[in-house]
Amino acid sequence: MSDRYAVIGNPIGFSKSPLIHGTFARMTGQDLVYEAIEGPLNGFNERVDQFRTEGAKGLNITAPFKLDAFAYANELSESAKRAGAANCLKFDGDRIVAENFDGIGLVRDITVNLGVKMTGRRVLMLGAGGAARGALLPFLRQEPSELVLVNRTLSKAVALAEEFAGFGPLIVSGYAELADLAEGYDVVVNATSASLRGELPPLPGNVFRGAELAYELAYGKGLTPFLQAARAEGVAKLADGVGMLVEQAAEAFAWWRGVRPSTAQVIAELTVPLS
Ligand code: NDP
39 MSDRYAVIGN PIGFSKSPLI HGTFARMTGQ DLVYEAIEGP LNGFNERVDQ
89 FRTEGAKGLN ITAPFKLDAF AYANELSESA KRAGAANCLK FDGDRIVAEN
139 FDGIGLVRDI TVNLGVKMTG RRVLMLGAGG AARGALLPFL RQEPSELVLV
189 NRTLSKAVAL AEEFAGFGPL IVSGYAELAD LAEGYDVVVN ATSASLRGEL
239 PPLPGNVFRG AELAYELAYG KGLTPFLQAA RAEGVAKLAD GVGMLVEQAA
289 EAFAWWRGVR PSTAQVIAEL TVPLS
């Protein structure tokens, strides 16, 4: 019988994960089935218990269950611990191991797929929610000269900066103060959820000046207000989060199956033109 995996979220109808993992399985000759589960908003544990009882080997987790999955696990990887959330689980007998590949997926997309170096460069990240938190350690491990974290609710960014203080040059700012920090960011990353509602974080005009890359974590939204603003300021490279999505999936696949699929073809298939 084929090994079983799934993605769980709510809603789940638009998830690309079954398509991505199905393609990876064909590309690597792995015998597995991959489903989409619409998890109940109350009753995550019971639904996952059931899936495990049926012999499942692993689970990807999307909104709103990343904290539930973190709490459900009985072993945590370093990146899951640091992210405070799990986007992937592996089931091995009584072991329920949690991982979080979102941050490494984002870094791989920026540095490998888009070919933009972060080492020794100035990086600006907008947002201090779950995605930003998961990206902090992988970003700092790239050894940027400076990582500026800005958030609407400043206290959340301050708390993150305190937690990650020992890992590298992390600076916190509110949007209003951002204009006073020296301009000249090489990479500007939108890890807020503003684009999901067609909103633009209150950025001062100078943040994109001279930037090589503007990266939007949301995907499938075309040219978001953030990407439009970056384009208007002359940023040459614009990207949305589809590459991050596929790269985190490839990390999960490799962790489960011991073989890393190539990602270029899947990214190309899922990419919606930014226009
Ligand atoms: P959270 O809800 O955890 O955090 C949302 C963040 O956005 C907070 O920092 C919030 O600020 C900020 N925010 C929301 N609206 C605005 C606004 N109008 N102006 C300024 N800041 C705003 O969300 P996630 O971290 O889970 O997700 C963030 C984004 O990343 C989403 O677009 C999501 O789709 C995307 N994502 C993409 C993935 C991929 O694979 N490509 C994977 C995971 C996420 P405050 O704290 O003040 O409320």
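Numbering (this note's numbering), first residue to last: 39 to 313.
Using N, Cα and C, we set each Cβ at its ideal position, and we do this for glycine too.
Out of Val210, Tyr110, Phe246, Arg190, the CA that lies nearest to the CA of Leu174 is found in Val210.
Asn138 sits in coil when the DSSP states are folded into three classes, being neither helix nor strand. In this structure, DSSP gives Asn228 an extended state, which the three-state scheme calls strand. Shown here, Asn48 sits in coil according to DSSP, grouped into three states, outside any helix or strand. Secondary structure note for Glu116: it is in no beta strand (DSSP E), and the uninterrupted alpha helix (DSSP H) holding it is 116–121. Taking the Cβ of Ala94 as the reference point, every heavy atom of the ligand NDP lies at 7 Å or farther away. Close CB contacts of Val154 within its chain, under the 7 Å cut and outside five residues either way in sequence, are with Ile148, Val225, Glu250, Leu251, Lys275 (chain order). Within the same chain, Cβ atoms closer than 8 Å to the Cβ of Arg133 are found at Asn112, Glu113, the five residues on either side in sequence being excluded. With a cut-off of 7 Å, the C-beta of Thr149 is classified as distant from the ligand NDP, since no heavy atom of the ligand falls inside that distance. Look at Phe202 here: in three-state DSSP terms it is coil, with no helix or strand label. Using a C-beta cut-off of 8 Å, the segment 280–287 makes contact with the segment 57–64, since at least three inter-stretch Cβ pairs fall below that distance. Closest by C-alpha distance to Phe82, out of Gly67, Asn151, Ala101, Glu73, is Ala101.
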